[in-house]
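In what follows, a structure is listed as structure tokens, so that the remarks can point back to it.
In our numbering, the protein residues as written are 46 to 179.
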């Protein structure tokens, strides 16, 4: 056990800080750390929308499996799970542009199926409505 509460109560300020930090880490390519930030929200007593955080975690973990471990099959499988979880929330949810993120994830899935040449650009999570980041 890591010493973290299984279902911590997060203050609104802590939740916002974790959300923003997770986005920054994702866009910086620090996928494992991103997953940790989003997972703290997902495990909390107020993870809504739960599918958003679970999907973002899965996308981050999928990218981590490629970038840190070079495991294309695992990366593709976890990215697909994340894409399926996020798709019903598109085109946007909680201020995030999921449409472009999902397109980037699909491009990665395709490339990982037959990794040759340069990989697609790193996916980014664009914020389309900053006040909705909560």
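Think of the CB as a built atom: it goes at the ideal place given N, C-alpha and C, for glycine as much as any other residue.
Sub-8 Å separation of residue i and residue j beta-carbons
i	j	result
residue 94	residue 134	yes
residue 157	residue 117	yes
residue 100	residue 127	yes
Other residues of its chain near residue i: CB distance less than 8 Å, five sequence neighbours each side excluded
i	result
residue 19	With the chain running from 46 to 179 in the structure shown, residue 19 is simply not present.
residue 63	55, 82, 83, 85 and 86
Beta-carbon proximity list for residue i, same chain, < 6 Å, skipping 5 on both sides
i	result
residue 111	120
residue 53	89
Nearest-angstrom Cβ-Cβ length linking residue i and residue j, presumed shorter than 8 Å
i	j	result
residue 140	residue 108	No, residue 140 and residue 108 are not in contact; Cβ-Cβ is about 21 Å, not under 8 Å.
residue 77	residue 98	With 8 Å as the limit, residue 77 and residue 98 do not qualify as a contact, their Cβ atoms being about 16 Å apart.
residue 144	residue 105	Not a contact, Cβ separation roughly 18 Å.
Residue i CB to nearest heavy atom of the ligand GTP below 7 Å
i	result
residue 148	For the ligand GTP, the structure offers nothing, since it holds no ligand at all.
Nearest candidate by alpha-carbon position, reference residue i, set the options
i	options	result
residue 168	70, 62 and 88	70
residue 150	165, 73 and 92	165
residue 131	122, 67 and 147	147
residue 122	154, 113, 65 and 115	154
residue 103	92, 124, 57 and 91	124
Inter-residue spacing [alpha-carbon to alpha-carbon] between residue i and residue j
i	j	result
residue 75	residue 152	19 Å
residue 60	residue 96	16 Å
residue 46	residue 113	Any reading at residue 46 must be qualified, since the residue scores a pLDDT of 43, below 50, and its modelled position is unreliable; no value is offered.
Short CB-CB distance (under 8 Å) between residue i and chain C
i	result
residue 61	Chain labels in this structure do not include chain C; a single protein chain is all it has.
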